[in-house]
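Just below is one structure, and these are the notes that go with it.
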Amino acid sequence: MKRFMSAFKTSAATLSDGAREYLGTERERIEGALTAKQIYKKQGRDEVEKWISIIREGEMRLNSDLDYTYLTPYIQLAIQYQIPYLIVESDEFETNIGLVIAHAYAVDKDSIWLKDEKKIGKNSPSITLKRQIDPFFAVEGEHS
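Numbering (my numbering), first residue to last: 12 to 155.
Following this line, the structure appears as structure tokens:
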């Protein structure tokens with residue numbers, strides 16, 4: 012199995028609301044998640060390592076809107092623990108989630124957030140730089 016799939020594209024039409032929100036995976040499968048803000052603040056590396064050590068079969072999913080400089084420490088953990096990781100991209104839905112550690116099956120944990128931090132709401136402005144500057148580079152007549 013490949014350890015890395017860059018720019019994993021998916022169609023939002025084929026995903027449930029939960030999968031759209033959680034980088035293409037269902038909420039019930041998630042061991043832990045970090046927001047994009049937490050990744051930019053370099054938070055949660057120890058917790059991510061703990062989550063990875065808990066899952067037997069699963070994967071790490073990372074948001075492609077984030078700068079790879081900030082994703083690298085988490086990618087290195089996936090390589091170290093030999094779990095597959097995906098860099099998920101979709102122009103059809105937005106999320107402020109930066110990283111998800113997911114089981115291959117449902118575990119339905121009560122709390123998946125770092126130190127019980129609540130997820131940024133759907134109506135909150137996206138903090139990713141790519142999402143902020145994309146409209147300035149859109150070609151007329153092209154949908155972003």
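Even glycine gets a Cβ: it sits at the ideal position worked out from N, Cα and C.
Quick caveat: nothing in here was measured; it's all calculated off a predicted structure.
Item to complete: Would you kindly check if the distance between the Cβ of Leu-45 and the Cβ of Val-1 is under 9 Å?
Response: Within the shown structure, residues of the chain are numbered from 12 to 155, placing residue 1 beyond reach of any answer.
Item to complete: Can you say whether Arg-67 is buried or exposed, counting buried as having 16 or more other CB atoms within 10 angstroms of its CB?
Response: Around the beta-carbon of Arg-67, fewer than 16 other beta-carbon atoms lie within 10 Å, marking it exposed.
Item to complete: Drop a sphere of 10 angstroms on the beta-carbon of Ile-65, count the other beta-carbons inside from all chains shown, and report buried for 16 or more, exposed for fewer.
Response: Exposed: under 16 other Cβ atoms inside 10 Å.
Discussion item. Measuring straight from C-alpha to C-alpha, what distance separates Arg-72 and Glu-42?
Written reply: Spanning the alpha carbons of Arg-72 and Glu-42 requires a straight line of approximately 12 Å.
Worksheet item: Leaving out five residues before and five after His-114 in sequence, what residues of the same chain have Cβ atoms less than 8 Å from its Cβ?
Response: So the qualifying residues of the chain are Arg-40, Ile-41, Glu-42, Ile-66, Arg-67, Glu-68 and Gly-69.
Worksheet entry | Buried versus exposed call for Ile-94 [16 or more other C-beta atoms within 10 Å across all chains shown] | The residue is buried, with at least 16 neighbouring Cβ atoms inside 10 Å.
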